[in-house]
Amino acid sequence: MYLKSLELQGFKSFPDKIKLDFGKGITAVVGPNGSGKSNIGDAVRWVLGEQSSKTLRGSKMEDVIFAGTQLRKPMGFAAVTLCIANDKGLLNIDAPEVTVTRKLYRSGESEYLINGAQVRLKDISELFMDTGLGRDGYSIIGQGRVAEIVSSKSGERRSIFEEAAGISKFRFRKAEAQRRLSQAEDNILRLTDIISELESRVEPLRKQSEKAEQFIELSAEKKSLEITVWVHELSQLREKLSELSDKILINTSEYSSCEADIERLENEYKAVFNEIGKGNIRIEQLRNAILEAEKSNTQLHSDIAVYKNEISHCYENIEALEKQMENARLSDSENRRLTEEKLALTEKIEQEITENGKAYALAEERLKEAAGRQDGFEKEFSGHAAELNRLYIRQSELKVTADSSENTLREIKEQEAAAAAQLDAIADSEKNLDKERKEVSDGLLLLDEKRAEQENRLGGMNRLFSAKSEKLSAAEKELSELTLSVREKENKIRLLTDLENSMEGFGHAVKQVLKAGKSGRLGGIIGSVAQILSVPTEYSIAVETALGGALQNIVTKDEEAAKRSIRMLKDMNAGRATFLPITSVKGNRLSESGLDSCAGFVALGCDIVSYAPEFSGIAASLLGRTVIAEDIDCAGSIAKKYNYRFKIVTLDGQVVNAGGSFTGGSANRSSGVLTRKNEIDRLTGELNDDNSRLSELKSKTAALKAETDKMKIDLEAARDEIRVIEQDKIRFEAELKRIEQVAEQSINGRKTAEDNIARLKKRYEDTVNAVNSAADELGEIEAKIADGEDKSGRDTALLEKLKEEREAVSAEMSALKIRRAELEKDRLSVKEGLAALEEQSRSIGDSSVKSAMDIEEQKKLIAEKEELIRIRESELKGSGDRTAEINAEIAETQSRNLEMERRSNEIRSQTKDKNTEKEKFGAEKTRLEERQKAAQSAYDKIISDMAEQYELYPSEAEEIAIKDADHSEINIRLGTVKQKIRALGNVNLSAIEEYKEVSERYTFLSGQLDDVNSSKRELERLIDELTETMKQIFSESFEIINSNFKQIFVELFGGGKAELSLTDPDDVLESGIEINVAPPGKVIKSLSLLSGGEQAFVAIAIYFAILRLRPAPFCILDEIEAALDDMNVTRYAQYLHNFTDTTQFITVTHRRGTMEEADVMYGVTMQDKGISRLLKMEQPPAEDITE
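Numbering (my numbering), first residue to last: 8 to 1194.
Rendered as structure tokens:
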């Protein structure tokens, strides 16, 4: 058997997976200090089961996992695999190769594997037991181990010699036998106590059992009777409920019928009300129609009156025409007489006209001469007068022009001033408009800024509101969850408190004593051990396991209180209990040196519990010699170190008993009274914290709610402000548009005014020029008028003379002409008279015809008007008929409305009656439902009592009930049975089963006690045999090692003396080992007087002596030659070859002498800080490595 290979991954400074292959002979692992070469030895020690982190040069086991560097992340696990050739079958596994793997994860989980199968640490320890390869063996010798063997006390050197002697397996079997013996003794003690207790309980339990059987018999009868009564009551209640249900159903039906009738009546009332409304509307429409008809009648009457008046006028016209025709007839006779007279006068006038014509011709010749002279002069005079007249006209025109021009100029000035004023007004208006435009534009900009600001503010408020709402939702959710948690914890505390108050988990005797103490019937009772101790939660399982049944021990003030309690239990036959008087119970604590520095040591049991000072003796008595350890491995190590002299309990409830026995397995983490008490305290503390937090959360939630509500108001206010800003902006924009329009109008007005001023200026200049020109022309004309007026005066006198001459002739001619005209006029008058008479005669005839026609026209007009009157009177009659019809319809509609109102009153009355009826049925229904509810409650109570007391349903109860029973007799019998049950007093129903169990258990445990006594004797015999075997093997092996040591010491030191001896030869298995050496030329009384190199050489000699007795398959030597000088290093290295036939050496070294003797070398470097690298070298030159 030899070591074939070693694989590491994530172990210490080896993050990457590496593999070291080993051959026979010597393999050296070399490298600078700090390169990680010793980690290879630590890896082998670790995979073989080392549990001490200190041994592995760390503070905690997690330190073996690669911790990372600045450039590389930490690893999550460490794994080491050892491959061993098992060709000779020395390991108890049927395989040519055995691989042992150990893994550790950063989470704290670990794995052990053998050939890939998961195993326990114990399996690995047993695999390498007595091979020298175990974690306590001599196959791995570290730097400190060499000095330990020399510097340690004699009693602490035994482990390596025992491993070498091969008695580890025997010692393990002996420890196992001692553990079993301790368990057997504990079992005997416990069985004896139990049997003794059972003996005192059997007789009282028999009596209690008989009483309980009687109670059960009476209870069965009581059950039958009660069920019979209940079944009868249920039957009656069912009938009552059925009757009530029928009545309720009838009332419900009547109630529903009333509701339906009320609904029908209400619908009918609505229909009637609508009809009344429609009738009123129709009446109003008809009344409006009557008003229209009356208005039309008035118009018709007016038309008829007009037509009648026109007919009257027509009659008057006919009368006048008839009178006119009579007058015409009389005038026609007179006309004929006058015509004859006119004809005679006409002849006379014709004669005179002829004579006048002759005289007129002569006067006309003279007039022609005078007229010729006058016409010539007048033509000349007329030209001068026309010119003068033209000048007068022109003068007048120029004067008018001058006057109008003055007015025009004044108007132009006024218009120009008005236009200038208009321009000034427009300029002022434009200034005001510019000012208004700027104000409005600034207002718009300000509004935009305010809007942006408000929108930003609103956005921020929305974000704050969202965040606050999320906080509120989270707070409400947390509040809901916390409220639920508080309720759950309150329920749990209530449940646990009830269990605590009812002393659940305590024995009957303990309960009786504690109740008596609480009620005052027993004095001096302090409480149970569980009640006086306070244990942190993390230690509750350990303490409960350590105390076990002692948790129910009762603490009293003194011995008398304990005695009184015992007497009470004895008198009551209530069982047994253990009492701990404060005055008598004293305890002592473990005082083992170095205990608190052991790996996995937590504390003494009495140090992790809290109690009042007066209970210190009890705490020390119960827990002073109990050690609390982290886990079973640590507990085993501590127990082994102190030779199993005291009990050790792990945090998870596993036990290493005094004497070496182990007790363990799964533990219920919430079943113990201490756990319950701690759970109540923990939950109460958490509940107080939760209630505080709940109060804070309620305040916080209320505050958040108030804040969110306020924020909602603020948000709405901000939105309102934005809406106001929008409205203001619309108003400002409209105002700006108006200003722009006014500005445009102003620009147009200014342009018009400017154009007008320019036009007026031009017109003014033109008018001034015209006035000046007219003034010049007026002067010239006035001069011409003066000359013209002088000439006109002379010409006028001459013209007057000519006129007089002409006028005289003309007057003559005029007289002739006038006479002629008179004659002509007379002739004409006569002619006209004749013609008038003729015309008058014709006119009279025409007039008579026309008058006749006019009379016919008037008669025709009278007929038309009379027809129109007839039509209007017919229409009037029709209108009257329509009015009568409308009045009839109004009367009918009013009658119908009255009928509808009468029906609506009837409906209201019926509805009121139905409501009263409905209320009556509703009240009756409510009363019946209350009776039904009471009956149902009684029914449900019987069902509940039946289910609660007997776990029966009514159908099952009916099968059990007594058939055809007289219920009065049943009630009497039930009272009797209840009286008998009360007479029995307190009954222990469990006594029957308990008596049976106790009897059976007593018989069974008595047999068990015999078996355990027999087993104890067998174990004692086995321990004696193992002890003798171990003594023999150790003695023989020790003598051989001593002989080898003497020889090797001389060979290594080159002389001198050496010897190993037992400090107590009579007690070989417990004796310490002394080392006596004397190097050449020295007398040494103490090993401490040797130099460091000499001490190392002595230790090496002892190891070599052990290897010669029992060669290890392989041996790892970690710089054990570090203290030697070069010569001794060479001697040591060469001496290794004496064992290479049986032992494979892996040396971790940096000494040249050792390197030179190596067959294979592995170089370890650390090119990257914190990361070790490996290099294999076949027989390298030593000087190349040591340089």
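In this text, a Cβ means the ideal position worked out from N, Cα and C, and glycines have one as well.
- Item | Where the alpha helix (DSSP H) containing ASN650 begins and where it ends | No alpha helix (DSSP H) holds ASN650; DSSP gives it neither H nor E.
- Task: Using three-state DSSP, classify LYS791 as helix, strand or coil.
- Result: helix
- Message: Using a 10 Å radius around the Cβ and a threshold of 16 neighbouring Cβ atoms, would you call MET1134 buried or exposed?
- Response: exposed
- Item | Rounded distance between the beta-carbons of LEU611 and LEU597, thought under 8 Å | 6 Å
- Task: Grab the span of the beta strand (DSSP E) containing THR1161 for me, first residue to last.
- Result: First-last for THR1161: 1159–1164, but that is the alpha helix (DSSP H), not the beta strand (DSSP E).
- Can you tell which of VAL1075, ASN1020, PHE1056 and GLU1027 has its C-alpha closest to the C-alpha of LYS1038? Nearest C-alpha to LYS1038: VAL1075.
- Message: Quick check on DSSP: helix, strand or coil for MET82?
- Response: coil
- Query: Helix, strand or coil: which one does DSSP assign to THR590?
  - Reply: coil
- Query: Under the DSSP definition of a beta bridge, which residues are partnered with LYS1064?
  - Reply: DSSP output for LYS1064 lists ALA1085 as bridge partner(s).
- Query: What three-state label does DSSP hand SER678 in the structure shown?
  - Reply: Note that SER678 scores 49 on pLDDT, short of 50, meaning its location in the model is unreliable; the coordinates nonetheless yield the value given after this. It is coil, neither helix nor strand.
- Item | Outcome for MET1168 when other beta-carbon atoms lying within 10 angstroms are tallied against a minimum of 16 | buried
- Going by CA-CA distance only, name the one from LEU1069, LEU1059 and SER644 that's closest to ALA1103. Taking ALA1103 as reference, the option from LEU1069, LEU1059 and SER644 with the minimal CA-CA separation is LEU1059.
- Item | Residue burial classification, GLN748 (beta-carbon count within 10 angstroms, cutoff 16) | It counts as exposed.
- Query: Quick one: what does DSSP say ASP193 is sitting in, helix, strand or coil?
  - Reply: helix
- Query: Given that a residue counts as buried once 16 or more other Cβ atoms are within 10 Å of its Cβ, and exposed if not, what is LYS44?
  - Reply: buried
- Count the C-beta pairs between the segment 181–201 and the segment 1024–1043 that are closer than 8 Å, then say yes if the count reaches three, no if not. yes
- For GLN461, count neighbouring Cβ atoms within 10 angstroms of its own Cβ and tell me buried if that reaches 16, exposed if not. buried
- Item | Identified DSSP bridge partners for MET953 | None; MET953 has no bridge partner.
- Item | DSSP state of CYS1122 mapped onto helix, strand, coil | DSSP places CYS1122 in strand when its eight states are reduced to three.
- Message: Assuming the contact rule is C-beta atoms closer than 8 Å, PHE653 and VAL634 should be a hit. Round their C-beta distance to whole Å, please.
- Response: 6 Å
- Message: By the DSSP assignment, the beta strand (DSSP E) with ASP1175 in it spans what residues?
- Response: 1167–1175
- Query: Among PHE1052, ALA646 and GLU566, which one has its Cα closest to the Cα of GLU599?
  - Reply: The option with the nearest alpha carbon to GLU599 is ALA646.
- Message: Three Cβ pairs or more, each shorter than 8 Å: is that satisfied between the segment 283–294 and the segment 898–907?
- Response: yes
- Query: Does the beta-carbon distance from ALA665 to CYS641 come in below 7 Å?
  - Reply: The answer is no: Cβ separation not under 7 Å.
- Query: So, LEU454 versus ILE732, is the Cβ gap smaller than 7 Å?
  - Reply: yes
- Item | Bridge partner(s) assigned by DSSP for ILE1180 | For the sequence presented, residue 1180 should be read as Arg rather than Ile. Paired residues: THR1172.
- Just how far apart, CA to CA, sit PRO22 and GLN77? Distance between the alpha carbons of PRO22 and GLN77: 14 Å.
- Item | ARG1115 - DSSP class collapsed to helix/strand/coil | helix
- Item | Burial state of VAL923 (16 or more Cβ within 10 Å) | According to the sequence displayed, residue 923 carries Thr and not Val. Per the 10 Å Cβ criterion, exposed.
- Message: Rounded to the nearest angstrom, what separates ILE539 and TYR618 at their Cα positions?
- Response: Cα atoms of ILE539 and TYR618: separation of roughly 6 Å, rounded to the nearest angstrom.
- Cβ of ALA1130 within 7 Å of Cβ of GLY1170? no
- Taking VAL656 as part of the beta strand (DSSP E), name the residues at either end of that continuous run. 654–657
- Item | Sequence-distant residues of its chain with Cβ nearer than 8 Å to LEU602 (five each side left out) | PHE608, VAL634, ILE645 and TYR649
- Item | Cross-strand partners of ARG1028 (DSSP beta bridge) | Answer is none; ARG1028 lacks a bridge partner.
- By how many angstroms is the C-alpha of SER702 removed from the C-alpha of GLU4? This structure cannot speak to residue 4, because the chain is shown only from 8 to 1194.
- ILE1200 - containing alpha helix (DSSP H), residue span: Here the chain covers residues 8 to 1194 and nothing more, so residue 1200 does not appear.
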